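Residue numbers (the numbering used here): 6 to 375.
The beta carbon of each residue, even a glycine, is placed where N, CA and C say it ideally should be.
Please read all numbers here as calculations on a predicted model, not as lab measurements.
This report refers to the structure that appears directly beneath it.
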Amino acid sequence: MTEGKPVSEPPTAVKCLVWDLDNTLWRGTLLEDGEVLPFEWVRDVITTLDERGILQSIASKNDHDHAWERLEALGLAEYFVLPHIGWGPKSASLRAIADRLNFADRAMAFVDDQPAERAEVTYRLPEVRCYAAEDLAGLTRLPEFSPAVVTVDSRQRRNMYQSGFRRDAERAEFSGPDEDFLRTLDIRMGISRATERELSRVEELTLRTSQMNATGVHYPDSALRGLLTDPAHEVLVITMADRFGPHGAVGIVLLERHPAVWHLKLLATSCRVVSYGAGSTLLSWLADQAAQAGVHLAADFRRTDRNRMMEVAYRFAGFADTTCACTVALAVPDEEGVERLHLTPACQPAPTTLRLTAPELADAALPRSR
């Protein structure tokens, strides 16, 4: 039975909604009406999307200081990341927001009361979904704004991104090498065996992560529960935190252990932590554990239009297209286009830019009871 199904991105998932302000978020035009007030349904829409882990931003033609002061007075400013308030084309604002968030255009949405503004965005960015202001009241009932999984990390996503922007600002001001800056962050990475309580976080990672997803395979809750009870499988969750706060759950590893080879079925990490060495640290740790256990590593990889960085990480770690007799025990991949990369591992040094807490997989080289 196929454990997961290939997905590059859920076709209906919106990761960020960008708001216009005048006659969209609030009633009237700020420069003409002064003390504008939000439409009745706006606050509920904003807080509901925020709780679901959908980021929100602004693309508005307004005076920045005046508009932001009004949003602060209304108690709404804190909900918006990377606001673009000025006089340029709104498509340029959408482009800048998506690029900074590292989101694909199809993960972005835009709401505006003016048909001409929506048309301009659609013309320049055809994959961005546009909505009329009169659709706002029912927005939270639409499937694209209703994620199947809402976790603790979902509810903290805005705060985690805002902490990330503060990290980026400090990094830009740091004059030394990147490794020296990373050491100032006091990064802690934890690798732990997943429990049933964490399954929703694991499933969400397979759904949301596309750039650092080795296969683009989504493992639903039912499949993950089956793997948890299989003594030959390891379902590992990766978390990170630093002095700015928690990153939350940032990665997942699905590993099947055989006597001569460990089969890395899925490795996925959030693109938010790529620059902090999450992927390379994980692969180095896995290689070290496999070397201690005296087994090889075989990793599934399927190219998508978004995961070039993951292929680079695998190649840099030493994985190659080399054939090896150890892989005879592995089932033929269920998904079309899956390659099987191979590594003869060697013991690895401990990471120098973060503190790692992880289980000893080498002590469980053979299937164990749970």
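Distance check for residue j and residue i, CA to CA, integer angstroms please.
i: S374; j: V300; result: Interpretation of S374 is limited by its pLDDT of 37, a score under 50 that renders its predicted location unreliable; no figure is taken from the coordinates.
i: T327; j: V266; result: 14 angstroms
i: L190; j: M245; result: 11 angstroms
i: L232; j: E239; result: 8 angstroms
i: P43; j: G169; result: 29 angstroms
i: L36; j: S227; result: 53 angstroms
i: S13; j: R111; result: For S13, the predicted model reports a pLDDT of 42, less than 50, meaning its position is unreliable; a value from the coordinates is still stated below. Roughly 11 angstroms separates the two Cα atoms.
i: Q119; j: D158; result: 34 angstroms
i: E122; j: L260; result: 48 angstroms
i: G256; j: V278; result: 9 angstroms
i: M165; j: D247; result: 11 angstroms
i: D183; j: T357; result: 12 angstroms
i: P88; j: H71; result: 13 angstroms
i: D185; j: Q161; result: 28 angstroms
i: I243; j: D38; result: 50 angstroms
Would you mind reading off the limits of the alpha helix (DSSP H) that contains residue i?
i: P120; result: P120 to R129
i: D68; result: Premise fails: D68 is in no alpha helix (DSSP H) and is neither H nor E.
i: W290; result: A283 to A298
i: I196; result: That residue, I196, is in no alpha helix (DSSP H); its beta strand (DSSP E) goes I192 to R198.
i: T52; result: V47 to E56
i: T362; result: That residue, T362, is in no alpha helix (DSSP H); its beta strand (DSSP E) goes L359 to T362.
i: R230; result: D226 to L233
i: D183; result: D183 to T189
How would you write the range of the beta strand (DSSP E) that residue i sits in, first residue to last?
i: G250; result: G250 to R262
i: T274; result: V266 to T274
i: V317; result: That residue, V317, is in no beta strand (DSSP E); its alpha helix (DSSP H) goes R313 to F321.
i: D27; result: Taken as a continuous stretch (DSSP letters only), D27 belongs to no beta strand (DSSP E), as it is neither H nor E.
i: D38; result: No beta strand (DSSP E) holds D38; the alpha helix (DSSP H) holding it covers L35 to D38.
i: L348; result: V343 to L348
Could you give the C-beta distance for residue i and residue j, rounded to a whole number, given that I count them as a contact under 8 angstroms?
i: A114; j: V258; result: About 32 angstroms; that fails the 8 angstroms criterion.
i: C21; j: F108; result: 6 angstroms
i: A318; j: S285; result: 6 angstroms
i: I192; j: L79; result: About 36 angstroms separates the two Cβ atoms, so there is no contact after all.
i: V86; j: T29; result: Between T29 and V86 the Cβ distance is about 18 angstroms, and since that is not below 8 angstroms, they are no contact.
i: M194; j: L361; result: 5 angstroms
Legend entry - Contact between the region 52 to 61 and the region 128 to 140 (3+ Cβ pairs under 8 angstroms): no
Inset, instruction - Quick one: which unbroken alpha helix (DSSP H) runs of 4-plus residues sit fully inside the region 92 to 178? Chain order, please. - result: 95 to 106, 120 to 129, 157 to 160 and 162 to 178
Legend entry - Sufficient close CB pairs (3 or more, under 8 angstroms) joining the region 290 to 308 to the region 345 to 353: yes
Legend entry - Given 8 angstroms, three or more beta-carbon pairs between the region 335 to 343 and the region 172 to 182: no
Inset, instruction - Determine contact between the region 309 to 317 and the region 286 to 298, defined as no fewer than three beta-carbon pairs at a distance below 8 angstroms. - result: no
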